[in-house]
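Data first, discussion second: the structure below is written as structure tokens.
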DNA sequence: CAGGCGCGGATTGTATAAAGTTTCGCCTGT
DNA sequence: ACAGGCGAAACTTTATACAATCCGCGCCTG
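Residue numbers (this note's numbering), protein chains in the order written: chain A, 1 to 235; chain B, 236 to 470.
Right under this line is the structure:
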């Protein structure tokens with residue numbers, strides 16, 4: 001009875017069908033199975049999940065609000081294709097928010113949470129050794145989400161969910177090499193700092209972790225892209 | 236032709252009907268004409284705007300995602316009633332984000348922007364002297380949004396829109412006195428600092444501004460409320 | 001007379017059908 | 001042979017009809 005009697009806005013487990021659709025599509029995007037620009041037809045998705053277009057539509061609208069799907073009027077829904085400018089904004093926002101999140105996570109430190117984090121690290125390591133790139137990508141995003149959940153700050157959590165989803169698309173589009181998704185070592189270091197309640201170390205490690213991810217990106221100028229196209233066509 | 240050729244996800248001017256509904260309801264909430272807990276019936280709104288329930292539904296879902304409307308399954312949509320915990324989270328997030336936003340605004344300083352800001356300040360002052368509380372509340376929120384637009388950071392802008400809308404509800408619920416919505420003097424000081432390109436002053440003033448707003452709130456413990464009820468019923 | 005049960009009204013959730021728009025292919029005219 | 005326009009198909013958008021759910025009121029029973 002001491003359980004939080006707060007159903008709040010959206011049930012996270014998602015017993016309803018629209019959430020199942022949303023999470024299915026989200027997972028597909030996060031695991032890089034759906035590529036940017038892919039058309040997400042209503043009929044198509046509806047048939048997959050055995051749902052009517054009405055439900056698919058609501059799910060797609062939610063995803064559009066989260067920034068991982070673009071809905072073009074009278075054209076349909078497409079997996080978003082973040083521009084380099086978007087990418088810079090996303091990572092700047094993450095550099096601002098995530099250090100604060102780990103700070104809160106330190107306040108919430110407990111054996112249970114440390115256990116969850118370490119279990120997650122084990123999962124990540126296993127996926128990487130298995131060479132499962134898709135699981136690896138998803139899990140490295142989940143790590144950041146887990147820390148945000150630990151912080152207990154629901155607004156930061158909501159913001160970060162958005163940022164992580166977009167980051168996944170950005171990494172897919174602009175990663176230079178096929179280096180591992182997110183250095184697991186970094187994650188382990190962050191967990192260690194959290195466990196030791198060392199705020200400054202935790203913040204610093206999170207920050208450098210994000211910097212390293214961004215450093216691996218090659219954010220070509222979007223204008224350059226269009227110009228190049230114009231050149232090619234003009235020549 | 237040099238205009239931004241970026242229709243992007245949502246057109247801000249909103250020529251379509253669902254945006255008109257969304258913005259109408261949003262304005263009503265921001266101006267404190269719709270009180271927290273108010274039932275937002277689909278038929279009711281649909282008749283007001285001459286739209287079908289389908290469109291009203293999408294608008295309400297968007298507002299739910301922004302956190303100013305709660306949709307309870309099989310019950311309907313209600314104006315959100317943020318808890319004190321929510322309030323603390325919202326203001327903490329604003330204290331984190333807004334100083335960064337003004338920092339970016341300094342980078343974007345130009346006569347045109349300074350003009351817009353000062354015109355806005357004049358509007359605010361006029362509404363306050365006129366004693367128009369509703370316009371005052373709306374305009375003081377718009378000031379923060381304007382600075383975010385100036386920063387050119389679309390992600391921060393999106394986050395801040397959410398935070399401002401929720402702040403409006405929080406202020407309505409938990410304000411102690413009927414002091415003016417947002418000290419216009421603070422806003423003027425922030426604009427002055429931006430104009431002088433004094434980053435540190437701008438950040439500091441924004442921060443103290445937010446602190447003062449939060450200091451005017453009386454965030455009673457929600458648990459205490461429930462417990463008090465239990466006591467009364469138990470006695 | 002009090003308490004519980006069941007039914008009716010109202011409202012939301014879902015599906016389906018009609019309407020409008022865009023896109024692509026084809027056909028005709030030069 | 002190629003450019004331009006017409007037309008059909010597919011899709012999204014919007015509206016409406018149907019089904020499920022919940023709340024409140026009245027009635028019946030103990």
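Glycine included, C-beta positions come from ideal geometry on N, C-alpha and C.
Rounded to the nearest angstrom, the Cβ distance from residue 316 of chain B to residue 408 of chain B is 7 angstroms, consistent with a contact under 8 angstroms.
Here DSSP, grouped into helix, strand and coil, assigns residue 275 of chain B to strand. Contact check between the stretch 357-374 of chain B and the stretch 442-452 of chain B: fewer than three CB pairs, one atom from each, fall below 8 angstroms, which does not count as touching. In this structure, residue 314 of chain B lies away from residue 325 of chain B, with their beta-carbon atoms at least 8 angstroms apart.
At a beta-carbon threshold of 7 angstroms, the residues of chain B lying near residue 155 of chain A are 324, 325, 328, ordered along the chain. Taking all protein chains shown into account, residue 328 of chain B has 16 or more neighbouring C-beta atoms within 10 Å of its C-beta and is therefore buried. Interface annotation, residue 300 of chain B: in contact with chain A, CB-CB separation under 8 angstroms. Inter-residue distance for residue 71 of chain A and residue 195 of chain A is about 43 angstroms (C-alpha atoms, whole angstroms). Residue 313 of chain B carries a strand assignment under DSSP once its states are collapsed to helix, strand and coil. Residue environment: residue 99 of chain A is assigned as buried (16 or more neighbouring CB atoms within 10 Å of its CB, all protein chains considered). Between residue 376 of chain B and residue 399 of chain B, the CB-CB gap stays under 8 angstroms. The shortest CA-to-CA distance from residue 138 of chain A to any of A/131, A/168, A/153, A/118 is the one to A/168. Against residue 62 of chain A, the close residues of chain B are 300, in the order they occur along the chain (beta-carbon pairs closer than 7 angstroms). For residue 109 of chain A, no beta strand (DSSP E) run applies, since DSSP gives it neither H nor E. Residue 69 of chain A is bridged by DSSP to A/79. In this structure, residue 332 of chain B places its C-beta atom within 8 angstroms of the C-beta atom of residue 395 of chain B. If you ignore the 5 residues before and after residue 290 of chain B, its C-beta comes within less than 7 angstroms of the C-beta of 252, 253, 256, all in its own chain and listed in chain order. Partner residues in the beta bridge of residue 452 of chain B, as assigned by DSSP, are B/410. Using a Cβ distance threshold of 8 angstroms, residue 274 of chain B and residue 302 of chain B do not count as a contacting pair. Of all residues in the stretch 328-353 of chain B, only 328, 331, 332, 335 come within less than 8 angstroms of chain A when Cβ atoms are compared, listed by chain position.
In this structure, the straight-line span from the alpha carbon of residue 154 of chain A to that of residue 268 of chain B is close to 27 angstroms. Judged by DSSP secondary structure, residue 377 of chain B falls within the alpha helix (DSSP H) whose first and last residues are 368-386. A direct Cα-to-Cα measurement between residue 128 of chain A and residue 136 of chain A gives close to 6 angstroms.
Pairing residue 437 of chain B with residue 337 of chain B gives a Cβ-Cβ distance under 8 angstroms. It is roughly 45 angstroms from the alpha-carbon of residue 119 of chain A to the alpha-carbon of residue 343 of chain B.
Distance from the CA of residue 204 of chain A to the CA of residue 276 of chain B, rounded to the nearest whole angstrom, comes to 49 angstroms. Exposed is the label assigned to residue 185 of chain A, since fewer than 16 other Cβ atoms lie within 10 Å of its Cβ. Counting of Cβ neighbours within 10 angstroms places residue 143 of chain A among the buried residues, the total reaching 16 or more. Within the model, the alpha-carbon separation for residue 36 of chain A versus residue 30 of chain A is close to 11 angstroms. Spanning the alpha carbons of residue 220 of chain A and residue 43 of chain A requires a straight line of approximately 35 angstroms. Less than 8 angstroms divides the Cβ of residue 217 of chain A from the Cβ of residue 175 of chain A. Using a 10 angstroms sphere on the CB of residue 345 of chain B, the tally of other CB atoms stays under 16, which defines it as exposed. Of all alpha-carbon atoms in B/300, B/381, B/263, the one lying nearest the alpha-carbon of residue 347 of chain B is that of B/381. For residue 327 of chain B, the three-state secondary structure derived from DSSP is helix.
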